[in-house]
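See structure below.
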Amino acid sequence: MIEQILTDKVMEAVKSLYQLDATAAQVQLQNTRKEFDGDITLVVFPFTRASRKSPETTAAEIGEFLKTNTAEVGDFNVIKGFLNLSIKKDYWLSFLSGNCNADRFGFLEKDAEQPIIVEYSSPNTNKPLHLGHIRNNLLGFSLSRILQAAGKNVVKVNLVNDRGIHICKSMLAWERWGNGETPESSGLKGDHLVGKYYVIFDKQYKEQIAALVSEGYNAEDAAKKAPLIVEAQQILQKWEAGDEETISLWKKMNGWVYEGFAVTYKTLGIEFDKTYYESQTYLLGKELVEKGVQQGVYSRREDGSVWIDLSAEGLDEKLLLRSDGTSVYMTQDMGTAMQRYEEFSPEQLIYVVGNEQEYHFNVLKVVLKHLGCAWAGSIYHLSYGMVELPAGKMKSREGTVVDADDLMQEMFDTSEAMARELGKIETFDDTEAHKLYRTIGLGALKYFILKVDPKKNMLFNPAESVDFNGNTGPFIQYTYARIKSVLRKADEAGFGVSAVDLNSVELLPQEKDLIRKVHDFPAVVLLAAEMHSPAVIANYAFELASEYNRFYHELTILKEDNMASRGLRLCLSQFTAKVIANSLWLLGIEVPERM
RNA sequence: GGCCUCAUAGUUCAACGGAUAGAACGGAAGUUUCCUAAACUUUAAAUAUAGGUUCGAUUCCUAUUGAGGCUACCA
C-alpha cells in the first residue's frame with residue numbers, strides 16, 4: 070500500500086535532510102482534502118524542530134526529496150505546514166487491475182496462533198432476549214469478524230447464566246400458576262414462555278410487598294420477607310443441594326429457553342464457537358480467593374467473608390467471598406478468566422458487556438493483578454451504551470422492553486411493505502421475495518445499531534432504519550445490488566470485465582477518488598480492529614456506497630463507447646461491489662444479488 | 001456524597017491533536033420524469049459554558065452546567 074511506501078520514504082528523507090530518526094508514528098499521512106491538489110498529505114510540523122526551518126521550507130524540502138526518490142510520487146505542493154503529494158496515475162491503475170479480482174481483498178491471513186477470546190451475548194435464562202441484547206450480540210459477532218479479518222485467531226464464547234435466583238422465580242411461578250403449560254401446548258416460544266412466568270412472579274411478588282407495606286413494614290423489609298421471595302430462595306438452596314425434583318424442573322425449563330434462544334440466534338445470524346454454563350462455572354474462583362488470602366493480598370474478616378481493599382486504586386472495598394463461603398459474581402469471573410487463561414493462553418480476553426458493569430471489570434482486573442496474574446492486563450471490556458427508543462427508555466420492569474424476536478419480525482414486515490411500495494419484488498417468486506425481506510430487514514437493523522460508536526448511548530428508530538435512502542443498511546445493500554445488475558447487463562451485452570489497459574485509459578478525478586476509497590479498505594479494517602469498533606467499518610461502507618452512487622450510473626458505464634474507459638468502469642464497479650460485500654460481511658450483514 | 005461515561009445543525013450520526021467541523025434525514029428554493037431511485041442541483045443550520053496546555057483543540061487538562069450509569073454478602 071502506498072502509505073507504507075511513503076512512510077518509509079519520509080523517514081528516509083528526514084534522516085537524510087535533518088539527521089532525524091523519526092518514528093513511524095511521527096509520520097502523519099492523511100487523505101488530501103478535496104479542495105486541494107494532491108492525494109496524500111504529510112503533516113510536517115513534527116519535523117520542523119529538527120529542520121530548524123519554517124514549516125513551508127521544511128515541507129518543500131521533503132517534497133523535493135520524495136519527488137526525486139519515490140517512483141509513485143508525481144508532484145507535490147505546499148500549503149502552510151501541509152505537504153500535498155500527488156500519486157501517479159499508474160500507481161492507482163496498477164493497484165486496481167492487480168486487486169479487482171481478489172475476493173478476500175482487505176482481509177489478512179491468520180498471523181497468530183494465540184487466540185483472542187470474545188465473550189458476548191451471555192444471556193440470563195429467565196426471559197427472552199431484548200433490544201439491549203441485540204446490540205450486545207451484534208457488537209460481539211461483528212467485532213469477532215473484524216478481528217479475524219485483521220489476522221487474529223478468534224474464539225467466540227457465550228457464558229449462559231443458567232442458574233440463580235432469577236430462574237428460580239420463573240420455576241416457582243410456573244409450578245404454582247402454570248397448569249403444566251409447555252411450549253407445545255401454548256404455542257409460545259420456549260424463552261417467551263419462561264419469561265411469561267418471570268413476569269407473573271414479579272407481579273405477584275410486588276403485590277405481596279405492597280400488602281406487607283400496608284401492614285406497616287418498611288419497603289426494604291417487605292421485599293425480603295414476602296413469602297414468594299422466601300420460597301424462591303428455598304428453591305435455589307434445593308438446587309444447590311442437588312435436589313432431584315428441582316434440578317429436573319430446572320433442566321426442563323432451561324431446555325425450553327435454549328430452544329428459543331437457538332431460534333433467535335439463528336434469525337439474527339450469530340453463532341459461537343463455545344458455550345459455557347454458569348451452573349458449571351459458578352464454583353470456580355474460590356480457590357483463587359483462598360490463595361489470595363494466604364498471600365495476604367485479600368483479607369478475611371471475623372465473620373469469614375473475604376474482601377479486598379482497592380482504595381489505593383481509587384476503587385472501594387470489594388467482597389470476594391460471602392461469610393457463608395459461597396461465591397459472588399466477582400469470584401466466578403475470576404475463576405472463568407483463569408480457566409480461559411489456562412485453556413487458551415489468549416493474547417486478549419474481550420468481554421462484550423454493557424457499560425453498567427464498567428466498575429465490575431475494573432475491579433476484576435485489579436483483583437487479578439493483586440493475585441500476581443500478569444495477564445490481567447489482557448482483559449478488555451468492550452463497554453457499550455444503552456439503546457433507547459423514540460418512545461423513551463426501556464425498563465424491563467415496566468414492560469417497555471422491545472423483544473428481540475418481535476423487533477426482528479417488525480423489521481421483516483416493514484421491509485416487505487417498503488419493497489412492495491417501491492415495486493421492487495414484481496419479478497421475484499415467493500421464496501426469493503421472502504428471503505429478500507429478511508435480508509433487508511436484518512441489514513437495516515444491524516447497520517443502524519452498528520454504525521454508532523459502541524460506547525455511546527443510542528436511539529433506535531425502526532422506521533428510519535429501513536429507509537432505502539440515507540445512511541442505512543438497505544441503501545448500501547441496494548448499491549451493491551445495482552452494481553451487480555450493471556455487471557450482469559454488461560455481461561449480456563458481451564462487454565465483460567476486462568483487465569484495464571494502463572496506457573490508453575484516462576482517469577477522471579471522481580474515478581481516482583473511488584479507487585482511493587477502495588484502496589483504503591485494508592487500513593480501515595485494521596483501524597476497526599484496533600479500536601474494537603464496527604462503527605468504523607459501517608461508516609466506511611456508507612461513504613464508499615455514496616461515492617459510487619454520486620458518480621457512477623448504469624448509463625455512464627454501459628453507454629460509454631470508449632472500450633478502455635468502459636473496461637475501467639466495469640472493473641472499478643466490480644471492485645467496489647466486492648469491497649462493499651466485504652464490509653457488510655464484517656458487520657454480519659448479507660448482500661442481495663438483486664433487489 | 002463518591003466514582004465513571006457522554007454532551008457537535010431541528011433530528012440521528014461522523015471527524016489518529018491538523019487545513020474552511022463532514023454526512024444523512026427533515027426545512028427552504030429550483031431543475032427534472034432518463035437510468036432498478038422523488039432523483040438531481042442550490043441553500044440555511046452545530047462543537048453546552050469558562051479557563052488552560054501549543055505552531056494548531058470538537059479531541060488533552062481544570063472548573064461549571066446538563067444527561068446517563070455505577071456505588072448490594074443480586075447476577
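Numbering (our numbering), first residue to last: 70 to 664. Think of the CB as a built atom: it goes at the ideal place given N, C-alpha and C, for glycine as much as any other residue. Given the structure is predicted, the values throughout are model-derived calculations rather than measurements.
For F644, the enclosing alpha helix (DSSP H) covers residues M632 to L655. V147 is bridged by DSSP to L152.
As far as DSSP is concerned, E81 takes part in no beta bridge. Y87 is not a Cβ neighbour of S123, given a cutoff of 7 Å.
Looking at the DSSP output, E188 bridges to V226 and Y420. Pairing A301 with I278 gives a Cβ-Cβ distance that is not under 7 Å. Taking E485 as the centre and dropping the five residues before and after it, the same chain places the C-beta of Y506 closer than 6 Å to its C-beta, in chain order. In this model, H202 and G454 are separated by some 11 Å (Cα to Cα). As the crow flies, the alpha-carbon of A550 is around 18 Å from that of G565.
The beta-bridge partner set that DSSP reports for E457 consists of L528.
Comparing alpha carbon positions, the residue from V421, M477, E412 and V471 closest to Q183 is E412.
DSSP places I377 inside the beta strand (DSSP E), whose first and last residues are V375 to D378.
With respect to the 7 Å criterion, A473 and T333 are classified as neighbours on the basis of their beta carbons. Going by C-alpha positions, E72 is about 16 Å away from K581. The beta carbon of C169 lies closer than 7 Å to those of C640, Q643 and F644 in the same chain, with the five residues before and after it left out. Just so you know, the alpha carbons of E244 and D312 end up roughly 16 Å apart.
With fewer than 16 other Cβ atoms inside 10 Å of its own Cβ, M70 counts as exposed.
For Q306, the enclosing alpha helix (DSSP H) stretches over residues P296 to E309. By the CB criterion at 7 Å, V142 and L135 fall inside the cutoff. Within the stretch 204-252, the complete beta strand (DSSP E) runs of at least 3 residues fall at 222-229.
D260 is positioned such that its CB atom lies no closer than 7 Å to that of G324.
At a Cβ-Cβ threshold of 7 Å, Y189 and V435 do not count as neighbours. Contact between L352 and I304 is absent: CB atoms are separated by about 19 Å, not below the 8 Å threshold. Judged by DSSP secondary structure, T137 falls within the alpha helix (DSSP H) whose first and last residues are P124 to N138. For the pair of segments examined, the stretch 493-510 was found not to touch the stretch 572-580: the number of CB pairs separated by less than 8 Å stays below three.
The beta carbon of L357 sits closer than 7 Å to those of M403, G404, M407 and L440, all from its chain and outside the five residues before and after it, given in chain order.
Setting aside the 5 residues that flank it on each side, E104 has no residue in the same chain whose C-beta is closer than 7 Å to its C-beta. Every alpha helix (DSSP H) stretch that sits fully inside the stretch 539-570 and reaches 4 residues is listed by chain position as 542-561. Membership of L389 in the beta strand (DSSP E) is indicated by the continuous run E386 to L390. In the DSSP assignment, Q88 falls outside any beta strand (DSSP E) and carries neither an H nor an E. Contact annotation, L418 with T400: C-beta distance approximately 17 Å; criterion of less than 8 Å not satisfied.
In this structure, DSSP gives Y367 a state outside helix and strand, which the three-state scheme calls coil. For I109, the enclosing beta strand (DSSP E) begins and ends at I109 to V112. Ranked by how close their Cα comes to the Cα of G373, the residues T395, A559 and V366 have T395 in first place. With fewer than 16 other beta carbons inside 10 angstroms of its own, H622 counts as exposed.
The alpha-carbon of R409 is positioned some 20 Å away from that of R214.
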